[in-house]
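First residue of the sequence shown: 1, per full-length UniProt numbering; consecutive thereafter.
Every residue gets a Cβ at the ideal spot worked out from N, C-alpha and C, and that includes glycine.
It should be emphasised that the depicted structure is a prediction, and the values quoted were computed from it without experimental measurement.
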Amino acid sequence: MTRPIAPREVRIRRALEHLRNGSTDEFESISPFGPEEFTSPEIAATDRAIFARVPSIIAHSSELPEPNDFITHQMPRNKVIVARQADGGVKAFVNLCRHRGALLEERDRGRCRIFSCAYHRWSYNTDGTLRAITRDRTFGDIDRSAQGLVELPCEERHGFVWIVDEATAEIDVAAWLGPEMDEIMAGYHLGDLVCVRGEAFDEPVNWKIMQDAFLDGYHIQYAHPNTAGKIVHTNIMAMEDFGRHCRFVAPRKSIDRWLDEDPGDHSLAKHVIETHFLLPCHTLLRQPDHFQLLTFRPHPKEPGRSQMEMRLMVPRQRDSGMEMDTWTRLWDKNWQILLAVLHQEDFPLLRSSQSGMESANAGPMLLGRNEIANQIFHRELRKLVTDNQ
Ligand code: FES
Ligand SMILES: [Fe+2]
């Protein structure tokens, strides 16, 4: 059943009401959890298995603008190459030579006509077909069509490239997003934006501890008193729960001028941040003038490690009405602020959280009713894990 999508201004007024009352949307119950969620090798394996069945985002489309552009990436289960095709589509492959298994492409990104293996120099076209076997007269006859790169399910939608991290799976991003989130993302025209900055961080922290921190509206004034805490209100969320993904509005402090005054028909859009949780591992933030995508991937082996990726998607310079150097300076500055908050505030806190969880007697812990986005994340993960068994 499709749930109605409330107009933005209605959702913002609900957040404003919460601010006036010192309330927030709440989850139905307090949820206990144990440290093994973040430390157990068995649970880590079950988490990785989720990525074999559901799509997650590997790039913004603008990271692969031209045919033969590629990126490589470590997913939870496979090392992956994504390549833009001659026809404008994208394909994803396991980054591994089908001769004797050397890593095929070592660079993070680039443009090339062929992938050429460093070991015995077999080569592959960017559509994954085997192009040449060196010294093929002595190698022996093989069915070349069977030795192309192993393809992974891949789809481009809403300006992102999505993959399922399992060769035998199928992909249907619209079905995965569901009618509400698919419509919401379509309305953002994210494909018209450009990914102006992107970076990956390997952290000694379980991916769920990381994801939890970036769905958390409860920590802002305490962990970020001089940065985000000055800009965004703490512990106020107006939530839309779509039963897999969700979206919530959090008021910025600039909304305070409307605390005692009725905003009437004024648009309050510039006074909020809208956060989207895209199961299994993304936080998509809609800021007044840009989007930010945060991705949290389980490490292929270790429960206590993960990779976070941060991407900044902004209007292209030619669409922005800004001079090139103003545009560049604006997003540079924005990016530097984001990096500083991550490295100086969030990461140290989360690293010590992970090492705390590894105490032999860490004991049971709690997610409160106010931690509603985290509650939805864990509720939906539990469903995915149960479905898998
Ligand atoms: S392993 Fe790649 S050519 Fe031999
Ligand atoms: Fe934070």
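Subject >> Heavy atom of ligand 1 within 7 Å of R121 beta-carbon >> reply: Here residue 121 refers to the residue found at position 121 when the sequence shown is read from its first residue. Yes, since a heavy atom of ligand 1 falls inside the 7 Å radius drawn around the Cβ of R121.
Subject >> Per-residue burial, K333 [other beta carbons within 10 Å of its own, 16 or more giving buried] >> reply: Locating residue 333 in the sequence shown gives position 333, counting from the first residue. By the 10 Å Cβ count, K333 comes out exposed.
Original post:
By how many angstroms is the C-alpha of I142 removed from the C-alpha of L130?
Top reply: Within the sequence shown, residue 130 is the residue found at index 130, counting from 1. Within the sequence shown, residue 142 is the residue found at index 142, counting from 1. Taking the straight line from one Cα to the other gives about 11 Å.
Subject >> Proximity to M310 [Cα-Cα], best of I337, V164 and G178 >> reply: Position 310 of the sequence shown, counting from 1, holds the residue named residue 310. If you compare the alpha carbons of I337, V164 and G178 with that of M310, the shortest gap goes to I337.
Original post:
Which residue comes first and which comes last in the alpha helix (DSSP H) that contains Y124?
Top reply: Against the sequence shown, residue 124 aligns to sequence position 124. Premise fails: Y124 lies in the beta strand (DSSP E), S123 to N125, not in any alpha helix (DSSP H).
**OP:** Can you grab the Cα-Cα spacing for the pair H224 / E345, in whole Å?
**Re:** Here residue 224 corresponds to residue number 224 of the sequence shown, with the count starting at 1. Here residue 345 corresponds to residue number 345 of the sequence shown, with the count starting at 1. Those two C-alpha atoms are separated by around 7 Å.
**OP:** From the DSSP output, in three-state form, read off D69 for me.
**Re:** On the sequence shown, position 69 is the one that residue 69 refers to. Here D69 sits in strand by DSSP.
Original post:
At a cut of 8 Å, does the segment 246-262 reach the segment 271-279 through at least three beta carbon pairs?
Top reply: yes
Subject >> C-alpha gap between N206 and V80, whole angstroms >> reply: Here residue 206 is taken as the residue at index 206 of the sequence shown, counted from 1. Here residue 80 is taken as the residue at index 80 of the sequence shown, counted from 1. Using only the alpha carbons, I get a separation of about 21 Å.
**OP:** Kindly confirm or deny that the segment 318-333 and the segment 45-54 touch, where touching means at least three C-beta pairs closer than 8 Å.
**Re:** no
**OP:** Consider the C-beta atom of R100 and the heavy atoms of ligand 1; say whether any pair is separated by less than 7 Å.
**Re:** On the sequence shown, residue 100 is found 100 positions in, with the first residue counted as 1. True, at least one ligand heavy atom lies under 7 Å from that Cβ.
Original post:
How many whole angstroms separate the CB atoms of D165 and P263, which I take to be in contact at a CB cut-off of 8 Å?
Top reply: Taking the first residue of the sequence shown as position 1, residue 165 is located at position 165. Taking the first residue of the sequence shown as position 1, residue 263 is located at position 263. D165 to P263, Cβ: 45 Å. No contact.
Subject >> C-alpha gap between D47 and K383, whole angstroms >> reply: Locating residue 47 in the sequence shown gives position 47, counting from the first residue. Locating residue 383 in the sequence shown gives position 383, counting from the first residue. Computed Cα separation, rounded: 12 Å.
Original post:
Taking Cβ positions, are M210 and M308 nearer each other than 8 Å?
Top reply: For the purposes of this step, residue 210 is identified with residue 210 of the sequence shown, where counting begins at 1. For the purposes of this step, residue 308 is identified with residue 308 of the sequence shown, where counting begins at 1. Contact flag set, yes.
Subject >> 7 Å Cβ shell around N95 - same chain, five flanking residues per side excluded >> reply: Position 95 of the sequence shown, counted from the start, is the residue given in the question as residue 95. Here the set comprises T72, K79, V80, I81, L103, L104 and E105.
**OP:** My understanding is that E183 touches A167, with C-beta atoms under 8 Å, so please give their C-beta distance in whole angstroms.
**Re:** Here residue 183 corresponds to residue number 183 of the sequence shown, with the count starting at 1. Here residue 167 corresponds to residue number 167 of the sequence shown, with the count starting at 1. That belief does not hold up - the Cβ atoms of E183 and A167 are roughly 30 Å apart, past 8 Å.
Original post:
Going along the chain, which residues put their C-beta within less than 6 Å of some heavy atom in ligand 2?
Top reply: A213, H219, A223, H224 and D346
Original post:
How about the segment 283-294 and the segment 27-47: do they share at least three Cβ pairs that are nearer than 8 Å?
Top reply: Touching, no.
**OP:** Measure from the C-beta of T134 to each C-beta in chain D and report whether the shortest distance is under 8 Å.
**Re:** In summary, chain D is missing from the structure at hand, where a single protein chain is found.
Subject >> Residue ranges of each alpha helix (DSSP H) within the segment 170-194, 4 or longer >> reply: 173-188
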